[in-house]
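A short worksheet on the structure shown next.
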Amino acid sequence: MQVTAVLLLVAMMVATSAQAIEQYLKPEQFLAEVFADNAPKQEVLWVTKDVAKQAEKILGHAPNQLRQRYWKSNGKTAWIFDEVGKEEPITAGFVVSDGKIVQVRVLTYRESRGGEVRYPAFLKQYQGAELQIDQHLNRNIDGISGATLSVNAMNRMARLALYFDRMSRVE
Amino acid sequence: MRFVRHWHARVGVMAAIFFLFLTLSGLALNHTDALGLVKHEVNNTWLMRWYGFKPAVPTHGYLFEDGYFAASGERWVMNGHVLLDQGLSETRQHLVGAIAWGDMRAISSEDHLFLYLPDGTRVDNLSGAALPNTPIKRLGSINTDTVPQLVLETAQGSFVTEDGLAWQILKVAKTSATAHPVWASEQPLPSTLSASLNRAFGPSLPLERIVLDLHSGRIFGRYGPLLMDIAALGLIILSLSGVWIYLRSVRRKPHH
Numbered sequence: 370m371q372v373t374a375v376l377l378l379v380a381m382m383v384a385t386s387a388q389a390i391e392q393y394l395k396p397e398q399f400l401a402e403v404f405a406d407n408a409p410k411q412e413v414l415w416v417t418k419d420v421a422k423q424a425e426k427i428l429g430h431a432p433n434q435l436r437q438r439y440w441k442s443n444g445k446t447a448w449i450f451d452e453v454g455k456e457e458p459i460t461a462g463f464v465v466s467d468g469k470i471v472q473v474r475v476l477t478y479r480e481s482r483g484g485e486v487r488y489p490a491f492l493k494q495y496q497g498a499e500l501q502i503d504q505h506l507n508r509n510i511d512g513i514s515g516a517t518l519s520v521n522a523m524n525r526m527a528r529l530a531l532y533f534d535r536m537s538r539v540e
Numbered sequence: 373m374r375f376v377r378h379w380h381a382r383v384g385v386m387a388a389i390f391f392l393f394l395t396l397s398g399l400a401l402n403h404t405d406a407l408g409l410v411k412h413e414v415n416n417t418w419l420m421r422w423y424g425f426k427p428a429v430p431t432h433g434y435l436f437e438d439g440y441f442a443a444s445g446e447r448w449v450m451n452g453h454v455l456l457d458q459g460l461s462e463t464r465q466h467l468v469g470a471i472a473w474g475d476m477r478a479i480s481s482e483d484h485l486f487l488y489l490p491d492g493t494r495v496d497n498l499s500g501a502a503l504p505n506t507p508i509k510r511l512g513s514i515n516t517d518t519v520p521q522l523v524l525e526t527a528q529g530s531f532v533t534e535d536g537l538a539w540q541i542l543k544v545a546k547t548s549a550t551a552h553p554v555w556a557s558e559q560p561l562p563s564t565l566s567a568s569l570n571r572a573f574g575p576s577l578p579l580e581r582i583v584l585d586l587h588s589g590r591i592f593g594r595y596g597p598l599l600m601d602i603a604a605l606g607l608i609i610l611s612l613s614g615v616w617i618y619l620r621s622v623r624r625k626p627h628h
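Order-wise, the sequence lines are chains A and B.
One point on numbering: in the working numbering, the residue at position 75 of the first sequence is 444, and numbering is uninterrupted.
One point on numbering: in the working numbering, the residue at position 217 of the second sequence is 589, and numbering is uninterrupted.
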């Protein structure tokens, strides 16, 4: 844990320039990375009333839209969400396999502070995380001071990805 | 001593009002997230006039059989509902048009296509690889008796979709008149909508801004902060005179 903290501290010092809208990865680049340049056709999960109800429990607000597109190949699903940290949404991609998170990337970060959530040192904590019956992650994600709301948003999206992945397999 | 006591009480009563005001607004600001002050928009007409804001109501928009879509700056309104789209302001630039597509309403900017239900619920937001090509130049629909189709015109040609997922190049059959797309076009908004438009496009401010301006005194205009400075000075005088009175009374006690 201490190594993580030191890495984060170094990363924060390197990232001196505060940015407004910063796109680190285009959705296409994220998908190319996940599916090794062999991105499958997009699929659709309809957010029905029951699904929306659970999603609202996870997010603390109604889901953004009725139709959630995702990508699926070899049992792996990829999801891209927008979720507000403090005032502006964070766009992040999540890959789920076997009910576990295998990869997380921040695609676009729009707030002036808290962008440290994009660093691998932070994101690798999600690897292997599963959804418990109470719709929470089965592990603690260490926060980043000054970026609490961004971390919370990342946690909510991680939970939603796991829940949506489960729902996409029910159908 | 009497003089100090006398003025301590006077300044105290005056300062108490400001003190309450400052502490209450300060408390609220300390918990803006928990209280949701950022999310709560205030649109009180009197207050907005006090701030000098005027409603920016558009005169033109897009009309559907059962409603309308109009935009002003970054505010998008459909049938009186402000379309919230999680504050993605960069997606709202360069509005191309809005059109009815079956029971959905499609709205597009140059790089984004939004699908909504007439009640303002968002169905989808397409961009990048989910679109056949960008920038979008025109938005249209083909509402024949079969499946309604949505058409996007781009520099690389026109593309058509039945579900917003799979796109094909539009082939217009010359023989059939019905297959031609109807393109979204901006029209003057009828005066019957003005009440709905005024409500939806009226100026508003997040509650946080108003509490912040109350706290700093800026809401009272140019000299507001000065007023708050005087109040702060009053509090300093109170603290000092209070300590002085206390010390005097403590020292006197043994004599009485």
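Every residue, glycine too, gets a C-beta built ideally from N, C-alpha and C.
By DSSP, does residue i sit in helix, in strand, or in coil?
i	result
valine 385 of chain B	helix
methionine 382 of chain A	Residue placement at methionine 382 of chain A is poorly supported in this model, since its pLDDT is 45, which falls under 50; the coordinates still yield a value, given next. Here methionine 382 of chain A sits in helix by DSSP.
phenylalanine 425 of chain B	coil
methionine 370 of chain A	At methionine 370 of chain A the pLDDT is 45, less than 50, meaning the model places this residue with poor confidence; the figure from the coordinates comes in the next sentence. If DSSP states are grouped into helix, strand and coil, methionine 370 of chain A belongs with coil.
valine 375 of chain A	With a pLDDT of 49 at valine 375 of chain A, under the threshold of 50, the modelled position of this residue cannot be trusted, and the question is left open.
isoleucine 513 of chain A	coil
methionine 420 of chain B	helix
histidine 552 of chain B	coil
glycine 484 of chain A	helix
lysine 509 of chain B	strand
glycine 469 of chain B	strand
asparagine 507 of chain A	coil
threonine 431 of chain B	coil
serine 519 of chain A	helix
methionine 541 of chain A	Any answer about residue 541 of chain A is impossible in this case: the structure gives chain A only from 370 up to 540.
valine 519 of chain B	coil
serine 563 of chain B	helix
leucine 322 of chain B	In the structure displayed, chain B extends from 373 to 628; residue 322 of chain B sits before or after that span and is not available.
isoleucine 459 of chain A	strand
From residue i to residue j, what distance separates their C-alpha atoms?
i	j	result
leucine 503 of chain B	leucine 485 of chain B	8 Å
alanine 380 of chain A	asparagine 509 of chain A	In this prediction, alanine 380 of chain A scores a pLDDT of 48, lower than 50, which makes its location untrustworthy; the coordinate-derived value is nonetheless stated afterwards. Cα-Cα distance, rounded: 21 Å.
valine 375 of chain A	histidine 453 of chain B	Note that valine 375 of chain A has pLDDT 49, beneath the 50 cutoff, so the model's placement of it is unreliable and the number below is only indicative. C-alpha separation (whole angstroms): 48 Å.
alanine 387 of chain A	isoleucine 617 of chain B	With a pLDDT of only 43 at alanine 387 of chain A, under the threshold of 50, the placement of this residue in the model should not be trusted; the figure read from the coordinates follows. Alanine 387 of chain A and isoleucine 617 of chain B: Cα-Cα distance of roughly 51 Å.
tyrosine 595 of chain B	arginine 421 of chain B	18 Å
serine 481 of chain B	alanine 447 of chain A	26 Å
arginine 590 of chain B	serine 514 of chain A	31 Å
threonine 404 of chain B	valine 453 of chain A	16 Å
proline 489 of chain A	phenylalanine 450 of chain A	18 Å
glycine 574 of chain B	methionine 476 of chain B	26 Å
valine 410 of chain B	threonine 517 of chain A	17 Å
glycine 529 of chain B	glycine 444 of chain A	36 Å
glutamine 521 of chain B	valine 449 of chain B	24 Å
lysine 455 of chain A	serine 519 of chain A	7 Å
valine 383 of chain A	glycine 424 of chain B	Confidence at valine 383 of chain A is low in this model, with a pLDDT of 45, below 50, so its placement is unreliable and the value that follows should be read with caution. Answer to the nearest angstrom: the Cα atoms are 43 Å apart.
valine 554 of chain B	glutamate 397 of chain A	31 Å
phenylalanine 533 of chain A	methionine 386 of chain B	59 Å
leucine 378 of chain A	glycine 497 of chain A	Because the pLDDT of leucine 378 of chain A is 48, which lies under 50, any placement of that residue in the model is unreliable, and the number read from its coordinates should be weighed accordingly. Spanning the two alpha carbons is a distance of roughly 24 Å.
histidine 505 of chain A	serine 466 of chain A	17 Å
proline 562 of chain B	glutamate 485 of chain A	50 Å
threonine 385 of chain A	arginine 382 of chain B	A caution first: threonine 385 of chain A carries a pLDDT of 39, below 50, which makes its placement in the model unreliable, though a value can still be read off. Cα-Cα distance, rounded: 51 Å.
From this set, the options, which residue's C-alpha is nearest residue i's C-alpha?
i	options	result
leucine 467 of chain B	B:Ala478, B:Val532 and B:Gly606	B:Ala478
valine 413 of chain A	A:Arg438, A:Glu452 and A:Asn507	A:Arg438
valine 583 of chain B	B:His412, B:Arg374 and B:Met373	B:His412
tyrosine 495 of chain A	A:Leu394, A:Ala530 and A:Ile459	A:Ala530
histidine 552 of chain B	B:Leu619, B:Pro560 and B:Ile514	B:Ile514
isoleucine 427 of chain A	A:Arg525, A:Met536 and A:Val539	A:Arg525
aspartate 491 of chain B	A:Gln504, A:Asn407 and A:Leu435	A:Leu435
aspartate 535 of chain B	B:Asn497, B:Ser557 and B:Ser613	B:Asn497
tryptophan 440 of chain A	A:Lys410, A:Lys418, A:Asp467 and A:Ile459	A:Lys410
arginine 447 of chain B	B:Gln465, B:Leu435 and B:Glu437	B:Gln465
threonine 493 of chain B	B:Leu455, B:Gly469, B:Ala501 and B:Met600	B:Leu455
phenylalanine 399 of chain A	A:Lys418, A:Gln423, A:Pro432 and A:Thr477	A:Thr477
glutamate 480 of chain A	A:Thr460, A:His505, A:Asn407 and A:Ala431	A:Thr460
serine 442 of chain A	A:Val464, A:Asp503 and A:Met523	A:Val464
aspartate 438 of chain B	B:Leu565, B:Gly445 and B:Phe592	B:Leu565
leucine 435 of chain B	B:Glu558, B:Ala387, B:Phe531 and B:Glu580	B:Glu558
histidine 380 of chain B	B:Arg624, B:Val615 and B:Val622	B:Val615
How would you write the range of the alpha helix (DSSP H) that residue i sits in, first residue to last?
i	result
glutamate 580 of chain B	579 to 588
asparagine 570 of chain B	566 to 573
alanine 604 of chain B	596 to 624
aspartate 405 of chain B	404 to 407
phenylalanine 491 of chain A	489 to 492
Quick one: give me the first and last residue of the beta strand (DSSP E) that residue i is part of.
i	result
arginine 494 of chain B	494 to 499
threonine 533 of chain B	529 to 533
lysine 469 of chain A	469 to 478
serine 481 of chain B	476 to 481
phenylalanine 450 of chain A	445 to 453
valine 449 of chain B	447 to 450
* Taking the runs of the alpha helix (DSSP H) that are 4 residues or longer, which of them lie wholly in the segment 382 to 439 of chain A? -> Secondary structure in the segment 382 to 439 of chain A: the alpha helix (DSSP H) runs of 4 residues or longer, each lying completely within the stretch, are 396 to 403 and 418 to 428 in chain order.
* Using Cβ-Cβ distances below 9 Å, what residues of the segment 444 to 458 of chain A are close to chain E? -> Among the chains of the structure shown, chain E does not appear; the protein chains present are A and B.
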